[in-house]
Amino acid sequence: MTNISFTGLSKRFFTLSLVIIAVILVASLVLGVQMDVQFKGGSIITYSYEGNLDKEAFAKTAQDLTETTISIQESTDIATGRGTMVLTLPGSKSLTAEQMVAVTEGLQAQFPENNPQTLSISNVSATMGAEFLAKCLTAVAFASLLMIVYVAFRFRRIGGWAAGVMGVVALIHDIIVVFGVFVLLRIPLNENFIAVVLTILGYSLNDTIVIYDRIRENKKLQGDKLSLAELVDLSINQSFRRTLNTTITTVLAMVVVTAVAFIYNVESIITFSGPMILGLISGVYSSICIAGPLWVRWRNYRDAKA
Amino acid sequence: MKKVGKPVFFVVVLLIVMITTLSFVGIHRQYGDITTTYIKGAGDVRWGIDIRGGVDVTFSPPEGYDASTEDMSKAQAIIETRLINLNITDYEIYPDMEQDRIIVRFPWKSGEENFDPVRAIEELGETAMLTFREGAEVDANGQPAGVTAENIILTGADVERAEYVYGQYTEGAPSHFVSLVFKDSGKQAFADATERLQGSQISIWMDEEIISAPTVNAHIIDGQAVIEGQFTAASAAELARKIQGGALPFKLTTENYSTISPSLGEGAKNAMVLAGFIAYIVVCAYMIWQYRLPGAVAAIGLAGQVGLTIAAITGFFGFVPSFTLTLPGIAGIILSIGFGVDANVITAERIKEEIRIGKTIDGAILSGFNRAFTAIFDGNITVIIVSIILMGAFGPPNSLFARLLKPVFFMFGPTTAGTIYSFGYTLLMGVLANFVMGIFACRMMQRSICRFRPFRKTWLFGGEK
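Line by line, the protein sequences give chains A and B. Quick note on numbering: the first sequence equals residues 5 to 310 in this note's numbering. Quick note on numbering: the second sequence equals residues 122 to 586 in this note's numbering.
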């Protein structure tokens with residue numbers, strides 16, 4: 005068993021968390037929050053091509069065909085070794101299927117030697133994007149609601165509503181961190197963001213419950229022999245190795261996934277497993293270093309006032 | 122508590138090896154050209170379109186058009202017919218009558234290098250206005266002109282059905298023709314027109330394109346007509362299809378579609394499967410390093426957990442439908458490998474503690490597993506809640522959890538992006554498989570193996586040497 009005074013270090017933990025949250029908020033104001041076409045609407049088209057393709061000329065033709073100012077990015081498809089061009093339409097502009105066919109055929113006619121083929125298309129109208137975003141936010145809100153209900157039910161016998169509130173604070177901490185990872189890494193928010201947030205919600209709360217459960221058990225065993233801070237420290241230390249080791253194995257699994265996805269350039273997985281790693285770390289950190297110590301502070305503050 | 126016999130360990134290991142192997146390999150019997158599948162293996166997994174390539178599209182009537190439920194189910198039937206005409210049989214179609222939308226998902230046509238998915242989308246939605254017009258006057262651009270532009274006799278809405286027939290219609294050799302049946306709404310107009318226009322033409326138009334211009338040979342009063350001419354089987358069938366398909370008074374539009382080519386997905390799938398194997402080995406190595414014998418037992422249980430999860434995806438038995446597996450779905454399996462050792466960590470930690478304070482191995486194992494079930498249940502219930510919400514929010518509208526959570530998401534149409542649904546499913550199945558393997562199977566193995574003398578060393582459980 006470890007013997008770390010988590011409540012004693014709580015000032016440092018709170019400072020660290022507040023700094024991280026402040027950095028994330030400033031970054032999202034300065035850098036802005038990017039939304040994937042899934043949420044804001046828009047169109048991203050990836051063409052594969054052969055040989056050497058003049059990027060500027062390709063972009064110019066695409067601009068003429070779509071009558072917009074597109075942005076273009078060059079990349080390589082690792083699987084086939086062919087070059088790819090990623091066209092992004094401005095704002096939330098999307099194309100109908102007819103327009104899309106016209107653009108592709110126009111490009112094929114203009115660059116017959118390069119044989120451009122559509123590799124992938126993501127095309128969403130602004131209204132459908134907004135609806136999908138609303139649905140996803142509803143899912144997060146509903147999950148949070150269920151978590152709060154569960155916390156209220158589960159914590160009734162532990163520390164009353166105050167403990168539940170601290171558990172929820174820890175969850176909000178984790179959501180902000182996952183959000184921050186997307187903002188700082190410049191990953192547009194997409195359905196992966198929602199999936200990671202929900203998973204971390206479930207995962208982080210589970211760690212918090214394990215710790216609070218220990219507190220309850222120790223209180224029964226030790227009675228009033230220990231101060232509240234000692235009781236919480238004892239409980240965190242008792243469950244520390246379990247919590248830490250489960251997180252380490254899960255983080256290891258996700259690190260492997262991220263590394264392999266990075267080597268093979270599977271972007272849809274990198275933007276999933278990468279934020280998941282930091283979310284998992286935040287989840288265990290907030291359970292150990294925030295939820296418990298914060299509860300002790302609140303109780304001490306309340307007792308001092310009484 | 123009753124002692125667990127020595128052979129139990131081998132029985133459990135054998136069962137795990139069998140389940141895991143079967144879920145990966147399956148049982149098939151080749152009889153001539155026909156392969157019968159008894160147990161489905163990993164090769165029978167239905168891959169999502171993000172892996173095998175494909176198209177995901179949401180059709181809707183043009184803006185401002187209030188389509189009736191009848192219109193929408195007709196549109197669905199038309200899309201289905203067209204998919205089959207395009208030789209795409211493995212499609213999924215989800216009509217949403219409340220929001221007037223039809224979601225279609227279909228895989229990339231196999232064996233076609235230069236398949237243009239957007240063109241296929243265009244063709245599917247191309248349900249144009251079908252009109253029967255007087256005469257066949259066209260201007261220089263092929264647009265209807267003169268009396269043909271002015272006088273529309275019938276529209277596609279008046280068509281009951283159009284069919285390709287091969288048979289003897291008139292005297293002589295059998296021929297290919299198209300049989301038409303009009304609805305009551307069109308019978309009178311058609312009768313009037315055929316009476317008036319005998320000997321001259323009635324042209325059939327798809328939007329602004331003329332698709333046929335037969336000459337009227339008889340006054341038709343019963344609403345049943347035949348178009349004959351120089352047809353081949355294919356051209357007659359195509360015309361019948363167009364007329365039948367045109368029996369929808371609006372065009373399906375779409376600004377919502379995503380396509381992905383199979384070359385992108387195949388590489389991604391292999392990468393993720395590789396990542397799964399590496400992650401399994403890394404997690405097992407960590408567990409054995411940390412907990413020695415209980416860690417090794419955990420590794421066996423973990424293999425069983427993956428096996429059960431894969432069995433839940435394939436449907437395992439030949440007659441159970443399989444579940445679509447996407448890239449995030451594979452990520453979910455790998456994530457639950459990481460989560461899954463939770464049960465083993467708890468018990469192994471307990472055993473270690475108890476042995477260090479001087480308990481016997483048997484006593485330590487018993488108390489180690491005693492608390493495991495409630496602790497795991499507690500720890501996993503939140504993940505179960507989350508995975509159910511994920512499936513409800515991202516699942517196809519006819520799935521169990523989407524229907525269950527309909528009261529929550531009632532305002533929204535069905536989700537078009539289908540890759541996260543699979544993640545919710547594998548996460549849920551991983552947790553459930555963990556209950557079976559991480560708790561019950563591991564407990565039996567652990568209690569059985571420690572009855573063998575070589576394994577009765579406290580060092581193997583984390584004690585001092």
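Backbone N, C-alpha and C fix where the C-beta goes; we use that ideal spot for every residue, glycine too. All of these numbers come straight from a predicted model, not from anything done at the bench.
Using beta carbons (cut-off 9 Å, strictly below), is residue i in contact with chain B?
{"i": "Asp-217(A)", "result": "yes"}
{"i": "Glu-54(A)", "result": "no"}
{"i": "Val-89(A)", "result": "Note on residue identity: the sequence assigns Met, not Val, to residue 89(A). No, Met-89(A) lies away from the interface with chain B (no Cβ there is under 9 Å from its Cβ)."}
{"i": "Gln-226(A)", "result": "no"}
{"i": "Thr-250(A)", "result": "yes"}
{"i": "Ser-126(A)", "result": "yes"}
{"i": "Ser-129(A)", "result": "yes"}
{"i": "Phe-159(A)", "result": "no"}
{"i": "Thr-19(A)", "result": "no"}
{"i": "Ala-167(A)", "result": "no"}
{"i": "Leu-256(A)", "result": "yes"}
{"i": "Ala-138(A)", "result": "yes"}
Please classify residue i: does DSSP put it in a helix, a strand, or coil?
{"i": "Ile-274(B)", "result": "strand"}
{"i": "Val-441(B)", "result": "coil"}
{"i": "Asp-217(B)", "result": "strand"}
{"i": "Tyr-289(A)", "result": "helix"}
{"i": "Asn-501(B)", "result": "helix"}
{"i": "Gly-168(A)", "result": "helix"}
{"i": "Phe-197(A)", "result": "helix"}
{"i": "Pro-192(A)", "result": "coil"}
{"i": "Met-250(B)", "result": "coil"}
{"i": "Glu-201(B)", "result": "helix"}
{"i": "Val-176(B)", "result": "strand"}
{"i": "Gln-112(A)", "result": "helix"}
{"i": "Glu-78(A)", "result": "strand"}
{"i": "Met-258(A)", "result": "helix"}
{"i": "Gln-121(A)", "result": "strand"}
{"i": "Leu-202(A)", "result": "helix"}
Alpha carbon to alpha carbon, what distance is there between residue j and residue i?
{"i": "Cys-140(A)", "j": "Val-200(A)", "result": "12 Å"}
{"i": "Met-89(A)", "j": "Gln-77(A)", "result": "6 Å"}
{"i": "Thr-375(B)", "j": "Leu-35(A)", "result": "33 Å"}
{"i": "Ser-9(A)", "j": "Met-550(B)", "result": "38 Å"}
{"i": "Pro-116(A)", "j": "Thr-65(A)", "result": "13 Å"}
{"i": "Glu-330(B)", "j": "Ala-433(B)", "result": "51 Å"}
{"i": "Ser-382(B)", "j": "Glu-213(B)", "result": "18 Å"}
{"i": "Ile-478(B)", "j": "Thr-579(B)", "result": "12 Å"}
{"i": "Asp-499(B)", "j": "Leu-188(A)", "result": "34 Å"}
{"i": "Leu-93(A)", "j": "Met-218(B)", "result": "31 Å"}
{"i": "Thr-481(B)", "j": "Phe-582(B)", "result": "11 Å"}
{"i": "Val-441(B)", "j": "Ser-21(A)", "result": "49 Å"}
{"i": "Gln-121(A)", "j": "Met-408(B)", "result": "47 Å"}
{"i": "Ile-458(B)", "j": "Tyr-53(A)", "result": "39 Å"}
{"i": "Ile-323(B)", "j": "Phe-253(B)", "result": "7 Å"}
{"i": "Asp-313(A)", "j": "Cys-293(A)", "result": "Nothing about residue 313(A) can be reported from this structure: the residues present for chain A run from 5 to 310 only."}
Would you verify that the beta carbon of residue i is, or is not, closer than 9 Å to some beta carbon of chain A?
{"i": "Glu-243(B)", "result": "yes"}
{"i": "Leu-395(B)", "result": "yes"}
{"i": "Thr-179(B)", "result": "yes"}
{"i": "Asn-391(B)", "result": "yes"}
Residues of chain A with CB under 7 Å from residue i, in chain order?
{"i": "Met-566(B)", "result": "Correct list: empty, because the minimum Cβ distance to chain A is about 19 Å."}
{"i": "Arg-240(B)", "result": "Val-105"}
{"i": "Ile-510(B)", "result": "Ala-143, Phe-146, Ala-147 and Leu-202"}
{"i": "Gln-411(B)", "result": "Asn-249"}
In chain B, what lies closer than 9 Å to residue i by C-beta?
{"i": "Tyr-154(A)", "result": "Ile-502, Thr-503 and Ile-506"}
Quick one: list the residues of chain A neighbouring residue i, beta-carbon separation under 9 Å, in chain order.
{"i": "Pro-449(B)", "result": "Glu-195, Asn-196, Ala-199, Ser-272, Ile-273 and Phe-276"}
Taking Cβ-Cβ distances shorter than 8 Å, what residues in chain A pair up with residue i?
{"i": "Leu-385(B)", "result": "Asp-81, Ala-83, Leu-123 and Ser-124"}
Mind pulling the chain B residues with CB within less than 7 Å of residue i?
{"i": "Thr-65(A)", "result": "In chain order: nothing, as chain B lies at least about 17 Å away."}
{"i": "Glu-135(A)", "result": "Phe-533 and Gly-534"}
{"i": "Leu-150(A)", "result": "Ile-506"}
Does at least one heavy atom of the ligand ZN sit under 8 Å from the Cβ of residue i?
{"i": "Arg-167(B)", "result": "As far as ligands go, the structure on display features none, and thus does not contain the ligand ZN."}
Please compile the residues from chain B whose C-beta is within a distance smaller than 8 Å of the C-beta of residue i.
{"i": "Thr-70(A)", "result": "Chain B residues near Thr-70(A): none, gap ~14 Å exceeds 8 Å."}
Q. Going along the chain, which residues of the region 263-278 of chain A sit with their C-beta nearer than 7 Å to a C-beta in chain B?
A. Identification of residues in the region 263-278 of chain A having a C-beta nearer than 7 Å to some C-beta of chain B yields Val-264, Ala-265, Tyr-268, Val-270, Ser-272, Ile-273, Phe-276 and Ser-277, given in sequence order.
Q: Taking a Cβ distance cut-off of 7 Å, strictly less, list which residues of the region 199-212 of chain A are near chain B, in chain order.
A: Hits within the stretch, in order: Ala-199, Leu-202, Thr-203, Leu-205, Gly-206, Tyr-207, Leu-209 and Asn-210.
Q. In the region 96-118 of chain A, which residues sit with their C-beta less than 8 Å from some C-beta in chain B, listed in chain order?
A. Within the region 96-118 of chain A, the qualifying residues are Ser-98, Leu-99, Thr-100, Ala-101, Glu-102, Met-104, Val-105 and Thr-108.
Q: Anything in the region 523-548 of chain B with a Cβ closer than 9 Å to a Cβ of chain A? List those residues in chain order, please.
A: Taken in chain order, the members of the region 523-548 of chain B whose beta-carbon sits within less than 9 Å of a beta-carbon on chain A are Leu-526, Val-529, Phe-530, Met-532, Phe-533, Gly-534, Thr-536, Thr-537, Ala-538, Thr-540, Ile-541, Phe-544, Gly-545 and Leu-548.
Q.
Along the region 227-246 of chain A, where does the CB come closer than 8 Å to a CB of chain B? Name the residues.
A. Correct list: Arg-245 and Arg-246.
Q.
Using a Cβ-Cβ cutoff of 7 Å, what residues of the region 302-333 of chain B are near chain D? List them in chain order.
A. Any reference to chain D falls outside this structure, whose protein chains are A and B.
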